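Q:
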């Protein structure tokens, strides 16, 4: 279906038009690789979060033809946040209808479970670094490398000139279609074209002066990304479960009874922070050491051990590339007597 | 074109992406001619339709795919779709790990199961919510499956409408699309009809997907919580029943199968100990070792008796001399005498007996081969002294007078204390007369076996009792009582509004409960229904008790205990362990058997009393309502005002009094100066007492509980007057008999007419003797004294009274109501919220898919 795009095509910033003044107003005019640092990540997170709560649902619920899969996935934050809040609510909101004694009993359980929900979310996100950081350190491949994608939408109507939307993706988001192109250096700016791939090749122990480092390295990078994604996914759920177990410890009860989030009440808030440390320490101890005997005593240790093991095995698996550098020589890969087909 | 050349070229290798970088560009595309490669393969994508018949296969296929994805993930060859699947695996793995961890922190089976139910219901809700709240309504409203799945040519299953920018419309046939269009009411003669329908479907799908994201976060936790909420009680009941059945099986198995005590560690140690000391005298050390092994630590009292019985068996105050004792005796003699006479002197040679000689002395004195006591050793000592003196005499005769040795010096030397042993005990060998012969070994082995067996079985029984009766969650008793409680309040039919309002206020609850009782008692049919229901609950309780009616009032629990302990006790007493047998299974209240039986009985009694009390209350209300069998009220010559007070007091007591109220006295504010002139009978109208005089809280009322007549009348009315004939009929003779006994017991333990001030009071003619009076009483008599005043009531321990009175109905109602209130409050809040979210989600879908129709093209 062809949509009307107006007559003044040159005034619109479309990907196939030449660059115009309008570009300067936009953060990005073309897909741009971003630095993976705390500032960018925060900015991206904030941007995605606000969009997920405002623009994307508004577009989606009206059935806008520009709604896309990225927006759908980004909206996945809503059930995450709402679900966490709701879970806390399920355990706590009805308490006020109970008699005093029942209320205090229910509140202990409810608050701990609420803490569990918070810890689940924190651990799930933080623990991803347990895999991605070592992998980056060892292989040089930053699997989380972000880039800004400039998306040109169909105008909603004939007067709609705001057709650009910025999406934040990761270079290795898709292992089938990684954005290799973004990793090449710009010849015009005097950059070495294979700069990035040379770096990885060196890091992975391939020769430093490869003619086509990109071709040699790409399959390896893909393998690294797949393996680390897998390790990240599985282990993050285990860490999250561990964190919930940690939140279920008794020392938290005392903390939760006196804690406040009202930061303007200085004394009490200060006290909350300091007692958080104590409660965390005590809970960690109890979680690790356990109570009672038998499996009950060791379950915490076991849980922690399994999570750590999953992470370590995952990282080790990443380091164990199936295609060792020495096998990468074309003469090893391609056997002259074999018939090859292009498929 | 040389195809072979192309085939043999090493232009590329078979990798993830074929690389064509070395492809000679100037030439014609060589592949164009290759029909085995170039031909576009027909697409194999298709829609996936699941129904209940192929769903299992579909699920299994999905699982296999996920596992393959995991494998490929590990190998590093997974594609995007497969990596996406790993998220599900992670979610389930993490959830299972968490549930397993939480399980280890829970005690009861049902709470362990609930951890998995919790996680499982959450995952299930995540899948069910979009299916029920979005897929189904959209199917009904718009006529197509918005969560349609399809498989692409690579066999990857995906959601059809996942990505609005990429929808493989060609998988839908023209016919299918038009059918959907018809459902939507799209005009049949529209231009580009398929396009329009597709656009509308796409729009609806986009809206639905957004709605899914918006609603799931709120709905899933609630849905999951609701599922858990509904499943908790059934799971508890199921676990309780399964466990109870298992317990019974374990019990009967443990009791029927002989316990192989020979294999137990203790028995083996005893056995080796007995083997080691076989045939040897039983020394004190050995006795200690044996009694350490043969013990009954479960009950110190039984153990005390056992140890004293064992000691009696294994020790004796007698000793025995053996041939080797001769050497020892000689050496003792030599040691004593040589101090005075020196070693190897002629004197010594002359007077020291040799072994043979000593042996003949001992035989002569009859000291060999029999048990010797202390006196025997005195004699033995004297005999040896005499013999040595005789030898000295012989020796002296050969010596000149002045060299002769005085008898006295020998005697002194003989009786010298060596090693601080007295002369008497000098020869007394510390060797018990008893030997560990085969007979003794047999007795000890049999004893150990018996005790180990009984210990093992008692532990099984105790475990069983604990699991069935203890005051913990999930015991059979707790489950039965929970259900009974539910049934009781259902039968009483008290409006929930009233119960809920009064749940935190005893005064209010009293009124609620009382009005319900009056209502039921006044109506014949309602009374019969409620009484019938209570009888049914009582019947269930009896069934649980396993009452063996033909053997009298013995429950299954009590019978089991006797079954284990009695045979052992019999055997023990046959072996001569009388005391132990008594301590184990005797009739005394502190024997092991009585303690266990009392535990079972008391646990059951507490629960049963609550129920019987309720039956009694209801029955009394009915009697008052019909003025039948109310001798305690009308037959005591009370004036009308007192009658009214008695009726009031009895109603309050049966419904609300706690044990302390019964134990101390009945506080009751009544008129201290009733109108004695009005001797008419109390009036009942429509089953309700019409008070002419009594009015609660009237000014001038005082505590009249010291009125003995009133007390007597009340006690009789509550516990002595026969039950209402209707009750007797409904309850049936068996249950009615039990009720009768219960009421009689209460009548006597709470105090009949003799006791109404303090539990420890005695009554003489016209005077109540307090416990203090009894101590000081000048004629403090014993039973043989003619002045002995027999206590007029049965003394019962407070615990027994406590168990007999049970829980009052208002207490029961308050607990029941507040528990139910909490559950309902939660349900009201989240059930309501859940329904609201559902309604909103479904309702929104009616407004979806309003894509503008294309304008008719003007021809």
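Protein chains in written order, with the numbering used here: chain L, 11 to 353; chain G, 30 to 888. Where is the CB? At the ideal position from N, CA and C, for every residue including glycine. Model, not experiment: these values are computed from the prediction.
Would you grab the beta carbon distance between residue 700(G) and residue 677(G) for me? Rounded to a whole angstrom, and I think it's under 8 Å.
A: The count along the second chain starts at 1 and reaches residue 700(G) at position 671. The count along the second chain starts at 1 and reaches residue 677(G) at position 648. Going by Cβ atoms, the distance from residue 700(G) to residue 677(G) rounds to 11 Å, so no, they are not a contact pair.
Q: Taking CB distances under 9 Å as the criterion, tell me whether residue 313(L) reaches chain G.
A: Numbered from 1 along the first chain, position 303 holds the residue referred to as residue 313(L). Yes, because at least one Cβ of chain G sits closer than 9 Å to the Cβ of residue 313(L).
Q: Run through chain L and tell me which residues come within less than 9 Å of residue 877(G), C-beta to C-beta.
A: The count along the second chain starts at 1 and reaches residue 877(G) at position 848. Result: 71, 73.
Q: Taking the straight line between their C-alpha atoms, what separation do you get for residue 872(G) and residue 162(G)?
A: Along the second chain, read from residue 1 onward, the residue named residue 872(G) stands at position 843. Along the second chain, read from residue 1 onward, the residue named residue 162(G) stands at position 133. Roughly 10 Å separates the two Cα atoms.
Q: If you measure from the beta carbon of residue 243(L) to each beta carbon in chain G, is any gap under 9 Å?
A: Within the first chain, the letter at position 233 stands for residue 243(L). With 9 Å as the cut-off, residue 243(L) counts as an interface residue toward chain G.
Q: Buried or exposed: which applies to residue 274(L), given that a residue is buried once 16 or more other Cβ atoms fall within 10 Å of its Cβ?
A: Numbered from 1 along the first chain, position 264 holds the residue referred to as residue 274(L). Residue 274(L) comes out exposed.
Q: Is there a Cβ of chain G sitting closer than 9 Å to that of residue 107(L), yes or no?
A: Taking the first residue of the first chain as position 1, residue 107(L) is located at position 97. Closer than 9 Å: yes.
Q: Name the chain G residues whose beta carbon is nearer than 9 Å to that of residue 355(L)?
A: Missing from the structure shown is residue 355(L); chain L here goes from 11 to 353 and no further.
Q: Which word fits residue 760(G), buried or exposed, when buried means at least 16 other C-beta atoms lie within 10 angstroms of its C-beta?
A: Here residue 760(G) refers to the residue found at position 731 when the second chain is read from its first residue. Per the 10 Å Cβ criterion, buried.
Q: Considering residue 541(G), what are the terminal residues of the alpha helix (DSSP H) in which it resides?
A: Taking the first residue of the second chain as 1, we reach residue 541(G) at position 512. Taken as a continuous stretch (DSSP letters only), the alpha helix (DSSP H) holding residue 541(G) covers 535-551.
Q: How should residue 620(G) be labelled, buried or exposed, when 16 other C-beta atoms within 10 angstroms of its C-beta is the threshold for buried?
A: For this step, residue 620(G) is matched to residue 591 along the second chain. Buried, because 16 or more other Cβ atoms sit within 10 Å of the Cβ of residue 620(G).
Q: Just to confirm before moving on: does the CB-CB distance between residue 739(G) and residue 779(G) stay below 9 Å?
A: By one-based count along the second chain, residue 739(G) stands at place 710. By one-based count along the second chain, residue 779(G) stands at place 750. Going by C-beta atoms, residue 739(G) is not nearer than 9 Å to residue 779(G).
Q: Below 7 Å on C-beta distance, what does residue 105(G) contact in chain L?
A: By one-based count along the second chain, residue 105(G) stands at place 76. Result: 233, 236, 237, 332.
Q: If distances are taken between C-alpha atoms only, which option among 72(L), 150(L), 283(L) comes closest to residue 234(L)?
A: Walking along the first chain from the start, residue 234(L) turns up at place 224. Per the Cα distances, 150(L).
Q: Once DSSP output is grouped into helix, strand and coil, what is the label at residue 400(G)?
A: Numbered from its first residue, the second chain carries residue 400(G) at position 371. Residue 400(G): strand per DSSP, three-state reduction.
Q: When you compare only the Cα positions, how much space is there between residue 92(L) and residue 249(L)?
A: Taking the first residue of the first chain as position 1, residue 92(L) is located at position 82. Taking the first residue of the first chain as position 1, residue 249(L) is located at position 239. Each residue's Cα considered, the two are about 21 Å apart.
Q: Just the chain G side, please: which residues come within less than 7 Å of residue 254(L) by C-beta, in chain order?
A: Position 244 of the first chain, counted from the start, is the residue given in the question as residue 254(L). Those within 7 Å of residue 254(L) in chain G are 127.
Q: Return the bridge partner residues of residue 181(L) from the DSSP annotation.
A: In the first chain, the residue the question calls residue 181(L) occupies position 171. Answer is none; residue 181(L) lacks a bridge partner.
Q: Across which residues does DSSP place residue 171(G) in a beta bridge pair?
A: Numbered from 1 along the second chain, position 142 holds the residue referred to as residue 171(G). Residue 171(G) is not bridged to any residue.
Q: Rounded to a whole number of angstroms, what is the C-alpha to C-alpha distance between residue 509(G) and residue 107(L)?
A: As a first step, residue 509(G) is located in the second chain; it is residue number 480 there, counting from the start. As a first step, residue 107(L) is located in the first chain; it is residue number 97 there, counting from the start. Each residue's Cα considered, the two are about 28 Å apart.
Q: Quick one: residues in its chain with C-beta nearer than 6 Å to the C-beta of residue 124(G), no 5 flanking neighbours on either side, listed in chain order?
A: Residue mapping note: residue 124(G) aligns to position 95 of the second chain, counting from 1. 148, listed in sequence order.
Q: Going by Cα to Cα distance, which pick from 96(L), 318(L), 326(L) is closest to residue 133(L)?
A: Counting from one through the first chain, the residue named residue 133(L) turns up at place 123. Nearest C-alpha to residue 133(L): 318(L).
Q: Give me the DSSP bridge partner(s) of residue 732(G).
A: Walking along the second chain from the start, residue 732(G) turns up at place 703. Paired residues: 698(G).
Q: For a contact meaning CB atoms closer than 9 Å, what does residue 261(L) contact in chain G?
A: Residue numbering aside, residue 261(L) sits at position 251 when the first chain is read from its first letter. The premise fails here: residue 261(L) is roughly 14 Å from chain G at the closest Cβ pair, so nothing lies under 9 Å.
Q: Suppose the cutoff is 8 Å on Cβ atoms and the five residues either side in sequence are ignored; what does the same chain contact list for residue 875(G) look like?
A: Residue 875(G) sits at position 846 when you count from the first residue of the second chain. For residue 875(G), where only same-chain residues beyond five positions count, the Cβ hits under 8 Å are 170.
Q: Rounded to whole angstroms, what's the CA-CA distance from residue 499(G) to residue 91(G)? Just pull it up for me.
A: The count along the second chain starts at 1 and reaches residue 499(G) at position 470. The count along the second chain starts at 1 and reaches residue 91(G) at position 62. Near 47 Å, if we compare the C-alpha coordinates of residue 91(G) and residue 499(G).
Q: Among 365(G), 178(G), 746(G), which has the Cα closest to the Cα of residue 443(G)?
A: Along the second chain, one-based indexing puts residue 443(G) at 414. Ranking the options by Cα distance to residue 443(G), first place goes to 365(G).
Q: With burial defined as no fewer than 16 other Cβ atoms inside 10 Å of the residue's Cβ, what is the status of residue 199(G): buried or exposed?
A: Counted from its first residue, the second chain places residue 199(G) at position 170. Burial call: exposed.
Q: What does DSSP give as the partner residues of residue 13(G) in its beta bridges?
A: Lying outside 30 to 888, the shown extent of chain G, residue 13(G) is not represented and no answer is given.
Q: Does any CB atom of chain L fall closer than 9 Å to the CB of residue 130(G)?
A: Taking the second chain and counting its residues from 1, the one referred to as residue 130(G) is at position 101. Residue 130(G) counts as touching chain L.
Q: Excluding the five sequence neighbours on either side, which residues of its own chain have a C-beta within less than 7 Å of the C-beta of residue 125(L), listed in chain order?
A: Residue 125(L) sits at position 115 when you count from the first residue of the first chain. Excluding positions up to five away in sequence, the list reads 257, 262, 266.
Q: Note down, in chain order, all residues in the region 191-214 of chain G with a beta-carbon under 8 Å from any beta-carbon belonging to chain L.
A: Within the region 191-214 of chain G, the qualifying residues are 191, 192, 193, 194, 195.
Q: Does the beta carbon of residue 155(L) come closer than 9 Å to any beta carbon on chain G?
A: In the first chain, residue 155(L) corresponds to position 145, counting from 1. By this cut-off, residue 155(L) is not an interface position.
Q: Relative to chain L, which residues along the region 858-872 of chain G have a C-beta separation below 7 Å, given in chain order?
A: Here the close residues are 858, 859.
Q: Taking Cβ-Cβ distances shorter than 8 Å, what residues in chain L pair up with residue 184(G)?
A: Position 155 of the second chain, counting from 1, holds the residue named residue 184(G). Chain L residues near residue 184(G): none, gap ~15 Å exceeds 8 Å.
Q: What is the residue span of the alpha helix (DSSP H) that residue 161(L) lies within?
A: As a position in the first chain, residue 161(L) is number 151, starting the count at 1. Run containing residue 161(L): none in the alpha helix (DSSP H); it sits in the beta strand (DSSP E), 156-162.
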